[in-house]
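Peer 1:
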Amino acid sequence: MNAGLPPHRDPAIVSAAGAALAGLAAACRPLRAAVVLTDDGFEIARVPQAGSGQRLASMASALQALADAVVRELRIGTTDHLQLLASEGAVVVRRVGAHPCALVAVFDERPGADELGDLEAAAARVALAWPDV
Amino acid sequence: MAEYVILFAGPMGAGKTTAIRSLSEIEVVSTEAVNSDRSAVDKPTTTVALDYGEIDLDPDKVRLYGVPGQARFDFMWEILRERAMGLIVLVNADAPEPERHVHEQLAAFAELASRGGVVVGVTRYDVQRTDIGDRIVATARAVLPDRVTPVFAVDARDQEQMRTLLLSLIADIETRQALAEAGA
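Chains V and G, in that order, give the protein sequences.
Going by the working numbering, the letters in the first sequence line up with residues 5 to 137, in that order.
Going by the working numbering, the letters in the second sequence line up with residues 1303 to 1486, in that order.
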């Protein structure tokens, strides 16, 4: 772990996040793309490798922050994850433990319990690699 | 009674969230996240979606929206500028090249500037008192040559100063509306 480096430039975090996403992609057939991001919208790692995940990271950051604002306003605890169901796919944004980090996944179809479980497991793998501060 | 939708734009650290908190009469809706890159701007949190506040200027109601300063959140700029009638660009005088930020923000919101009101507020002017005011006036004139863009030195923490800036913007909006109705 490199103290002082932001998470998206820390090789250890980037490597662990990449490995977690690779495992998720292998386990989860309807997964189109996924990004691990900082709470303030920097891409840490993505699958697939082609292209850029920065736009998705920024949008997921904003979505998560808006969800947090609603949860805070309604005083219903803390946000665990949010799902956005569309006519031809779905987006899930899941917090990575209590860290300033999240995982966003884009599915070609609505995710079931298995896919959501895979996502939770991937988030847990990223959380394990996160430095304790 | 009129209703105004006002955007606060500007680079990260310019004081947008602080300004809305100074003005708002309701609890501000904030979407702040941990700032993970303190080398860019040394502040603990940053806005990633929007800030929202409200103020009544009897008989008018003003809705105040702050947008994130970083270009990676420019989709929020596009979403929020649709409904906006006026723009407050805040820039901190001690930032590197503050006039470049003013140029970028006015260019990004040029469509809003062409149909609504615009003012520029320069924060932290007291710690960086140079010719920055003149440079920002010249920049605004270069980006928006067809209009006068007022430039103020302001403290985003000061309610009265921010209120003066807001009232100046609303006067600009009303003047442009009156000119449009008169067919000028």
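Just so you know, even glycine gets a beta-carbon here, dropped at the ideal spot from N, CA and C.
None of these values were measured; they are calculated from a predicted model.
What does V:Asp44 touch in chain G if you count any residue whose Cβ is under 7 Å from its own?
Peer 2: Here residue 44 of chain V refers to the residue found at position 40 when the first sequence is read from its first residue. Correct list: Ala1335, Val1336, Asn1337, Ser1338, Thr1348 and Val1350.
Peer 1: Whole angstroms are fine: how far does the CA of G:Arg1449 sit from the CA of G:Asp1436?
Peer 2: The sequence position of residue 1436 of chain G within the second sequence is 134, counting from 1. The sequence position of residue 1449 of chain G within the second sequence is 147, counting from 1. If I take the Cα positions, the gap works out to 17 Å.
Peer 1: Which whole-angstrom value describes the C-beta separation of G:Tyr1367 and G:Leu1382, a residue pair presumed to lie in contact below a C-beta threshold of 8 Å?
Peer 2: Residue numbering aside, residue 1367 of chain G sits at position 65 when the second sequence is read from its first letter. Residue numbering aside, residue 1382 of chain G sits at position 80 when the second sequence is read from its first letter. Confirmed, Cβ separation roughly 5 Å.
Peer 1: One question on the structure: do V:Arg76 and V:His85 come within less than 8 Å of each other, judged by their Cβ atoms?
Peer 2: To locate residue 76 of chain V, count along the first sequence from 1; it is residue 72. To locate residue 85 of chain V, count along the first sequence from 1; it is residue 81. For V:Arg76 and V:His85, no; Cβs fall outside 8 Å.
Peer 1: With 8 Å as the threshold, decide whether the Cβ of V:Pro135 is near any Cβ in chain G.
Peer 2: Locating residue 135 of chain V in the first sequence gives position 131, where the first residue counts as 1. Cβ-Cβ to chain G under 8 Å: no for V:Pro135.
Peer 1: Should G:Lys1318 be labelled buried (16 or more other beta-carbon atoms within 10 Å of its own) or exposed?
Peer 2: The residue you call residue 1318 of chain G lines up with position 16 of the second sequence. Buried, since its Cβ has 16 or more Cβ neighbours within 10 Å.
Peer 1: Using three-state DSSP, classify V:Asp14 as helix, strand or coil.
Peer 2: As a position in the first sequence, residue 14 of chain V is number 10, starting the count at 1. DSSP places V:Asp14 in coil when its eight states are reduced to three.
Peer 1: G:Arg1417: buried (16+ other C-beta within 10 angstroms of its C-beta) or exposed?
Peer 2: Along the second sequence, read from residue 1 onward, the residue named residue 1417 of chain G stands at position 115. By the neighbour-count rule (16 or more Cβ atoms within 10 Å), G:Arg1417 is not buried but exposed.
Peer 1: With 16 other CB atoms within 10 Å as the buried threshold, where does G:Gly1371 fall?
Peer 2: Translated into positions along the second sequence, residue 1371 of chain G becomes position 69. That one is buried.
Peer 1: Report yes if the C-beta distance between V:Val110 and V:Arg36 is below 8 Å; otherwise report no.
Peer 2: Reading the first sequence from its first residue, position 106 is the one you call residue 110 of chain V. Reading the first sequence from its first residue, position 32 is the one you call residue 36 of chain V. Yes, these two residues count as a Cβ contact at 8 Å.
Peer 1: With G:Ile1438 and G:Pro1398 assumed to form a contact (beta carbons below 8 Å), what rounded beta-carbon distance in angstroms separates them?
Peer 2: Position 136 of the second sequence, counting from 1, holds the residue named residue 1438 of chain G. Position 96 of the second sequence, counting from 1, holds the residue named residue 1398 of chain G. That belief does not hold up - the Cβ atoms of G:Ile1438 and G:Pro1398 are roughly 14 Å apart, past 8 Å.
Peer 1: Taking three-plus beta-carbon pairs below 8 Å as touching, is the region 91-106 of chain V in contact with the region 1406-1416 of chain G?
Peer 2: Short answer: they don't touch.
Peer 1: What is the rounded straight-line gap between the Cα of V:Ile17 and the Cα of V:Ala102?
Peer 2: Numbered from its first residue, the first sequence carries residue 17 of chain V at position 13. Numbered from its first residue, the first sequence carries residue 102 of chain V at position 98. Roughly 15 Å separates the two Cα atoms.
Peer 1: Whole angstroms are fine: how far does the CA of G:Phe1454 sit from the CA of V:Ala38?
Peer 2: By one-based count along the first sequence, residue 38 of chain V stands at place 34. By one-based count along the second sequence, residue 1454 of chain G stands at place 152. Each residue's alpha carbon lies about 45 Å from the other.
Peer 1: Taking V:Gln87 as part of the beta strand (DSSP E), name the residues at either end of that continuous run.
Peer 2: Indexing the first sequence from 1 puts residue 87 of chain V at position 83. Run containing V:Gln87: His85 to Ala90, per the beta strand (DSSP E) assignment.
Peer 1: Who are the near neighbours of V:Gly57 in its chain, counting only those whose CB is closer than 6 Å to its CB and skipping five residues on each side?
Peer 2: What you label residue 57 of chain V is simply residue 53 of the first sequence in a count that begins at 1. For V:Gly57, where only same-chain residues beyond five positions count, the Cβ hits under 6 Å are Val39, Glu47 and Arg50.
Peer 1: Please decide whether G:Met1378 counts as near chain V, where near means a Cβ-Cβ distance under 8 Å.
Peer 2: For the purposes of this step, residue 1378 of chain G is taken as the residue at position 76 of the second sequence. At least one chain V Cβ lies under 8 Å of G:Met1378.
Peer 1: Short of 9 Å Cβ to Cβ, which residues in the region 11-25 of chain V face chain G?
Peer 2: So the list reads Pro11, His12 and Arg13, given in the order they occur along the chain.
Peer 1: So which of G:Gly1419, G:Gly1315, G:Ala1473 and G:Phe1377 has the shortest CA-CA distance to G:Arg1459?
Peer 2: For the purposes of this step, residue 1459 of chain G is taken as the residue at position 157 of the second sequence. Of the listed residues, the one whose Cα sits closest to G:Arg1459 is G:Gly1315.
Peer 1: Applying the criterion that 16 or more other CB atoms from any shown protein chain within 10 Å of the CB defines a buried residue, is V:Val74 buried or exposed?
Peer 2: Residue mapping note: residue 74 of chain V aligns to position 70 of the first sequence, counting from 1. Per the 10 Å Cβ criterion, exposed.
Peer 1: Please list the partners that G:Arg1374 has in chain V, where partner means a Cβ-to-Cβ separation under 7 Å.
Peer 2: By one-based count along the second sequence, residue 1374 of chain G stands at place 72. Those within 7 Å of G:Arg1374 in chain V are Gly45, Gln58 and Ser62.
Peer 1: Give the list of continuous alpha helix (DSSP H) stretches no shorter than 4 residues that lie fully inside the region 1383-1441 of chain G.
Peer 2: Whole alpha helix (DSSP H) segments, 4+ residues: 1400-1410 and 1412-1417.
Peer 1: What in chain G is Cβ-close to V:Ala138, meaning under 8 Å?
Peer 2: Nothing in the structure corresponds to residue 138 of chain V, since chain V is present only between 5 and 137.
Peer 1: Please list the residues of the region 83-112 of chain V that have a C-beta atom closer than 8 Å to any C-beta atom in chain G, keeping them in chain order.
Peer 2: Those residues of the region 83-112 of chain V that come within reach of chain G (Cβ to Cβ, closer than 8 Å) are Pro104.
Peer 1: Between the beta-carbon of V:Asp43 and the beta-carbon of V:Ser19, is there less than 8 Å?
Peer 2: On the first sequence, position 39 is the one that residue 43 of chain V refers to. On the first sequence, position 15 is the one that residue 19 of chain V refers to. No, these two residues do not count as a Cβ contact at 8 Å.
Peer 1: Rounded to a whole number of angstroms, what is the C-alpha to C-alpha distance between G:Asp1344 and G:Gly1312?
Peer 2: Here residue 1344 of chain G refers to the residue found at position 42 when the second sequence is read from its first residue. Here residue 1312 of chain G refers to the residue found at position 10 when the second sequence is read from its first residue. So the two alpha carbons sit approximately 16 Å from each other.
Peer 1: Can you tell which of G:Asp1358, G:Leu1359 and G:Glu1380 has the C-alpha that lies nearest to the C-alpha of G:Leu1352?
Peer 2: On the second sequence, residue 1352 of chain G is found 50 positions in, with the first residue counted as 1. It is G:Glu1380.
Peer 1: Does any C-beta atom of chain G lie closer than 8 Å to the C-beta of V:Leu70?
Peer 2: Locating residue 70 of chain V in the first sequence gives position 66, where the first residue counts as 1. Judged by the 8 Å Cβ criterion, V:Leu70 is in contact with chain G.
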